[in-house]
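Data block below; observations after.
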Amino acid sequence: VGTTCHVLETHHIEARHVLHRRTSLRPGSKDMARGAYRTLIFAALVALLISLVSGAVMPDDLVGTVEYVPDAESRGPWPDLVGKSADEAKEFFEKSFPDLKVVVMNENAMMTMDYRVERVRIMVNDGGVVTKVPHRG
-19 VGTTCHVLET HHIEARHVLH RRTSLRPGSK DMARGAYRTL IFAALVALLI
31 SLVSGAVMPD DLVGTVEYVP DAESRGPWPD LVGKSADEAK EFFEKSFPDL
81 KVVVMNENAM MTMDYRVERV RIMVNDGGVV TKVPHRG
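Take a look at the structure:
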């Protein structure tokens, strides 16, 4: 029995050295670094999956959410502001609807296409005159 155990231990030690030589899994080797990197990536993906499954709110989920629904008379549109100056139109909104975010823009300017009920865009020409009917969005 003593000889058998010694043979098994020797065989185990030799097998371990062969494994290290053939797979380069020695500490500090490139393969060891790749393995650690893969483990880190796998752990990050598992953590992301768990957060998604658990119902955690991600920032993208908050984009476009509506918390405020305006009453019927403050929904707009406001066609009577067409032809007035940008300052007059902005003053109207600031006095009548202080909760609105008022944005004065050139009618040819680029803009985002997201819909926001708390925002009104006043589209003006180069002379500062309202050219399009202001409405929420």
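The sequence shown begins at -19 in my numbering and counts up by one.
The beta carbon of each residue, even a glycine, is placed where N, CA and C say it ideally should be.
In this text, all values refer to a predicted model and were calculated from it rather than measured experimentally.
In its chain, beyond the 5 residues on either side, G117 have a beta carbon closer than 6 angstroms to the beta carbon of Y95. Note on geometry: alpha-carbon atoms of L29 and F22 lie some 11 angstroms from one another. In terms of CA proximity to E68, M103 leads the group R55, T19, K10, M103. In this structure, V113 keeps its C-beta atom at 7 angstroms or more from the C-beta atom of P78. Counting along the chain, K64 sits inside no alpha helix (DSSP H), nor does DSSP assign it H or E at all. In the structure shown, R99 adopts extended strand secondary structure according to DSSP, grouped into three states. When only Cα atoms are considered, N86 and V100 end up about 14 angstroms apart. In this model, Y17 and S76 are separated by some 59 angstroms (Cα to Cα).
The beta-bridge partner set that DSSP reports for V110 consists of V104.
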